[in-house]
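Encoded structure:
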């Protein structure tokens, strides 16, 4: 009996170790970034209480900026992780569909006016319409991937190409601005609350996905479909539908992210809003140690990956890196992280170390 | 798509030669292009009747043809390279700075372009093939790197004034017999730029490489089934390395051809070219899953993509969004055709 | 190196994380002999072969080849080919997107160029001489699995090899093709080629082999001349224990020959599917074990797939316990208490990267529905219960199923369906490619289930096995049900005659 019990404990342990290993990369990256900043300038972590233009108390500081700015990315990472797990590919249209989502919000709230005095519809209506539209576009991607069996990257290339144009078309290429102050709450601060609202929205999304993963079998189904769609089907899972639904979920994530984006500036520029965010979202998934070819995933690691990316960006800014040159440094860091976490590279380094280490000891002996 | 159908086991079929997936897709591409162009000539009239219109498509897109060829190559082996667009910008900017600020010659600028391509190829190829990291992530980093590097080299756009370069840029090669008579009644010969010659050479060389060399067939084998290719005695790592290496070198060449066409350096050059290259490869019948594709198809993919853009603008739909939406619709239609054709074929 | 040996390995060791796959194994292959490599699943046969062919690198030990001074280092399949070792693997290792001819020549021609005409011509000659029904310019993916396997064999034998390794090449071939293969093997043997032959079919071993090397748990048991090792002893050496229950397995009382069998648990009438089977009738009663038999590709699997809803049905009706039901997808069938263990374990059965635990609970979880996940603790309990019950050899329930040997994977899939407590279980080739020990365990389990009042449909290529378990056999030929055999008719020759067709078919 004891042997069975110890075996059980062992299995629980290995399983814990496994998920820890996945979390190791983003956590280690985060620690290194924190360390670098501590050495460079401890005041990086300072959080100040100030007041904003309306006289309400707000928190400011790099950490707040990171938490605030990473919100959209973290929300997207949730959907992207599911899409990656189930379909073994990525949705590269999220940036473009954020533009669509934002455009829909503007269209509903402003009607055809450029600077409406009053909102044409309640904000909640705009948000719901935006969710429905984004989910429809998600469904379009999902249908191509799941039912027409087109590789995800290629299928989403369509909306990647057309998305921003569709966004412009929805508002007839005009850029309406919302002057209603309560609309700006969602992307900035709610009066009286010192922490930026997007942080709360991101946390809410995380709690929802955690509950969904806990109280439904979405996690098991998506992984199973991603690993082996044939046997999933024979076990009663509908692989096409699961793939399809992950794209719809990502659509919902896009809607939330798009809504935050519009709220931040009270308007959007269709051609630049959330530009290249799809790349960052995919990066977040990869940094979380998830295979981009699908299958097993760790949601926590992906979300953490999103914050690592934002942390890195903010850190680079404090090093006075020009914003246009930022990608170059980001690329170097990313490649180092990815190489370090690859099993092949680790093996090679271990071998190299073995070769170097005896030579060293031999030298010391001499 | 080409997974063996395990259902047909003892169906002792008589030997039959059906068309390979590659050839079917190539045929569809060429057919659609011809129909589209003929329709444009018939319904849209004058512009499309001039051969120069076609040659202008080539002139405009010589660089894209080269980039797409490289893209097809990696796609055939089952990889992807999304760094080629920003690499083009990097090459343009580096060459521009080299020519105008460092007093370089055209020859050394070409050398610089190639050097960037080779270095990129070595690093990306090594990481992808020998460290076995997903090509998407590696080239994503490559894309970011080139993007940032371009602005580090020089943040602002500027036109190159170097004389030797200007001479080369303006060199036109006349195409015999296909000129047209202008309004004044003088004969204007049709012409192509040097870049087009380079692009055509690349197309021909790569076509031969893929068709008649062992390396070329190894690309297909690795894309078809990596484990099997390994078991069949193909050096999979080397093959993948070479595919990504060649793609980056081609991006270097393509970058210079782009530079030759626009004659300036700018961080915004060739933005989104990687997606255009992927789109062109797909329209040309190359599949992202690997193992299926054709360079001639890729050539027609680029030409089709830009013909449709020309058609849209000559229809008077000037708003920028129409072009993108039409292109997206075209990709969509092609994808659905391909997926339906292959699904039906593999069901038999 | 021994006199006359073409290949000799000494003290080969290979470890995988947590598994010592090979521990100091010796193996000698002599010129002009066919040498069977036997052992249970997980005994290390495949690992040894993969070490020899450079797919895995060995941790320790030496490999000697005739014509090479000292030990050789085989680092890749490319090296193995150059050293004169050619291999046919159990799974097709060809590229489906290339032509048949290319698959035969890629990776082994000289020079940097491909000469299509010469290649197609030579490939055509070989295909004709081996009577393989394929054209050299045909895309391989469009050929049937059996033809693909024959192409792989054609490729291997066409190489100027000194050593030919055949790792279960016959599992997807029909009788006729197996004959062709044996003739080829004997021809090569006469030319002095050393052949390593791995198979689970004992008859095949005793038909063509000269020597047998037995492995067990990654260790060498011994090398024997075939005449000196009768079957029973071979089996006991493979299993490492004397085997009395092998013959003792008896259908006993489970055969329900009673007149009044009540309403069939499942009844199909004129069922047909998109996979081209002719409409067939089928019924199974409570506590009955019946079986589909016929050659590979005769439509056995297609029939059960139609019943389970795995393939789209095109006509006919299905009744469960007398009630007419509509089974459109596997989930429908599962709701009616039907379980299906598929033929192709790797493609349709396992979910490779998932843990043994998740693989076991998968079907039950689907039955419970999307919003009622099985708790972690409950899942652990289920997994541990079945790991113990079926004696599944795994490091823990957290181990990914792909790390298990074939037989153990099959047990996990069985566990998955047993956990759903089905009324009717369809087992499609549950014993293919797994070792004799597990085979007998599975046969026993089938009879036990029947005794508990469950119904089982059993499909196997081995008629022996069917005779041992089934009380009624349905015979398929050319995708058509051609006969039903019960009682007196359940005899080897009678079945063979019905499968083959002709006047004796009823």
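Chains as they are written, first to last, in my numbering: chain A, 1 to 366; chain B, 1001 to 1348; chain C, 2001 to 2506. Backbone N, C-alpha and C fix where the C-beta goes; we use that ideal spot for every residue, glycine too. Owing to the predicted nature of the structure, the values given are computational and were not obtained by experimental measurement.
For residue 2424/C, the enclosing beta strand (DSSP E) has its first and last residue at 2424 to 2428. Within the region 1224 to 1254 of chain B, the residues whose Cβ lies closer than 8 Å to some Cβ of chain C are 1224, 1225, 1227, 1228, 1229, 1230, 1231, 1232, 1233, 1234, 1235, listed in chain order. Inter-segment contact for the region 60 to 71 of chain A and the region 199 to 209 of chain A is present: three or more beta-carbon pairs are separated by less than 8 Å. For residue 279/A, the nearest beta carbon of chain B is closer than 8 Å to its own beta carbon. Rounded to whole angstroms, residue 2121/C and residue 2225/C show a C-alpha spacing of 41 Å. Going by C-alpha positions, residue 2384/C is about 41 Å away from residue 2074/C. In this structure, 1099/B is the residue among 1246/B, 1099/B, 1037/B with its C-alpha nearest to the C-alpha of residue 1163/B. Counting along the chain, no alpha helix (DSSP H) covers residue 2491/C, and no H or E run does either.
For residue 2086/C, no alpha helix (DSSP H) run applies; the uninterrupted beta strand (DSSP E) run containing it begins and ends at 2085 to 2088, by DSSP. For residue 1020/B, a Cβ of chain C is located within less than 8 Å of the residue's own Cβ. Every beta strand (DSSP E) of 3 residues or more that sits fully in the region 2080 to 2126 of chain C is shown, in chain order, as 2085 to 2088. Around the beta carbon of residue 2139/C, 16 or more other beta carbons lie within 10 angstroms, which makes this residue buried. Residue 194/A is a Cβ neighbour of residue 59/A, given a cutoff of 8 Å. Here residue 96/A carries a helix assignment [DSSP, helix/strand/coil]. With a contact defined as Cβ atoms closer than 8 Å, residue 1300/B and residue 1024/B miss out at about 14 Å.
Of all alpha-carbon atoms in 1157/B, 1228/B, 1259/B, the one lying nearest the alpha-carbon of residue 1165/B is that of 1259/B. 2349, 2350, 2351, 2352, 2353, 2354, 2358: these are the residues of the region 2349 to 2361 of chain C whose beta carbon lies less than 7 Å from some beta carbon of chain A, given in chain order. Listed along chain C, no residue sits closer than 8 Å to residue 173/A by beta-carbon distance, the nearest being about 43 Å off.
A buried status is given to residue 2431/C, since no fewer than 16 other beta-carbon atoms sit within 10 Å of its beta-carbon. In this structure, residue 2458/C and residue 2291/C form a Cβ contact; the two beta carbons are roughly 4 Å apart against a cut-off of 8 Å. Exposed is the label assigned to residue 2281/C, since fewer than 16 other Cβ atoms lie within 10 Å of its Cβ. Between residue 2289/C and residue 2450/C, the C-beta spacing is below 8 Å. In the three-state reduction of the DSSP assignment, residue 2013/C falls in the strand class.
Contacts with chain A at 8 Å (Cβ-Cβ) include residue 1152/B.
Straight-line spacing of the CA atoms in residue 1237/B and residue 1214/B works out to 15 Å.
In the DSSP assignment, residue 2038/C falls within the beta strand (DSSP E) that extends over 2034 to 2038. Note on geometry: alpha-carbon atoms of residue 1075/B and residue 1291/B lie some 8 Å from one another.
The alpha-carbon of residue 2464/C is positioned some 11 Å away from that of residue 2496/C. Between residue 300/A and residue 1144/B, the C-beta spacing is not below 8 Å. Taking the C-beta atoms as reference points, residue 1333/B is found no nearer than 8 Å to residue 1028/B.
With the rule of 3 Cβ pairs closer than 8 Å, the region 1262 to 1277 of chain B does not count as touching the region 1108 to 1122 of chain B. The three-state reading of DSSP puts residue 2268/C in strand, counting E and B together. Judged by their CB atoms, residue 1324/B and residue 161/A are nearer to each other than the 8 Å cut-off.
Bounds of the beta strand (DSSP E) holding residue 2197/C are 2194 to 2198. Under the 8 Å criterion on CB atoms, residue 1173/B is classed as non-interfacial with respect to chain A. Here the alpha carbons of residue 146/A and residue 189/A stand approximately 40 Å from one another.
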